[in-house]
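Read the structure below first, then the notes.
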Amino acid sequence: MATKKQIILPIAVLVAGVGLAVAFSAMKQPPEEKPAQDTRPLVSVNPVHLDAITLDVKSYGVVKAKDHTPLVAQVSGQVVFVSEQFVQGGFVKQGDILARIDPNDYEAALIEAQAGLAQASSDLEIERAQAHVAQAEWDRIKDDSNQVIPSQLYLRKPQLAEKLARYRAAQASEKRAKRNLERTYI
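Under this note's numbering, the first residue of the sequence shown carries the number 6, and numbering increases by one thereafter.
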């Protein structure tokens, strides 16, 4: 008997629960239907047309040139001439002389370099002549049976090389002095 009770009681509770669920769903009323609301924003539209307008912008700032050329002399000295066109914001043409540095020191340096070149040229010619004389003297005194080779020093080759090096240095010095004199024009 206890076992019948144990089986019937849960089934009865289950049937009662299902019956209550059916009863409640039958009593349920459908929800009220509300009309749909229009939620689109209200806007006004104007047709687009092309028109020229003027904008006035007020601001503060500094106006700078698009191109800026720094001007630096490659030689030092006192400025003895400044062009009237050499002003801030002024226009100049290519080849215009804007300023001139005192050329006196550079002219003197060029004269000294030219004198040094002339001296080096003279020394080189003298040394070439002496080397020629030394070679001719060796050729005159050498014995055909004697196979002795003359020394470089006897034939004056080291002295000739030294004079040639001094001549080339004097040429470079003159070239540098000319270039520095040309650089006095800005």
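Ideal Cβ placement from N, Cα and C applies to all residues, glycine included.
| Check | Outcome |
| --- | --- |
| Straight-line Cα distance separating residue 160 from residue 113 | 38 Å |
| Local conformation of residue 57 per DSSP, three classes | coil |
| Sufficient close CB pairs (3 or more, under 8 Å) joining the stretch 168–186 to the stretch 66–76 | no |
| Residue 116 beta carbon less than 9 Å from that of residue 190 | no |
| Candidates 52, 111, 57, of which the one nearest residue 79 by Cα | 111 |
| Option in 84, 88, 93, 123 with minimal Cα separation from residue 108 | 84 |
| Reduced DSSP category for residue 133 - H, G, I as helix; E, B as strand; rest coil | helix |
| As assigned by DSSP and simplified to three states, the class of residue 173 | helix |
| Reduced DSSP category for residue 116 - H, G, I as helix; E, B as strand; rest coil | helix |
| Residue 81 vs residue 118 beta-carbon contact at 9 Å | no |
| Through-space distance from residue 56 to residue 49, alpha-carbon basis | 20 Å |
| Nearest-angstrom Cα separation, counted from residue 87 out to residue 94 | 15 Å |
| Residue 172, buried or exposed, once every other Cβ within 10 Å from all chains shown has been counted against 16 | buried |
| Rounded distance between the beta-carbons of residue 133 and residue 165, thought under 8 Å | 7 Å |
| Residue environment, residue 16, which counts as buried when at least 16 other CB atoms sit within 10 Å | exposed |
| Closer than 8 Å: residue 119 CB and nearest the ligand ZN heavy atom | Looking at this structure, you won't find the ligand ZN or any other ligand, since it has none at all. |
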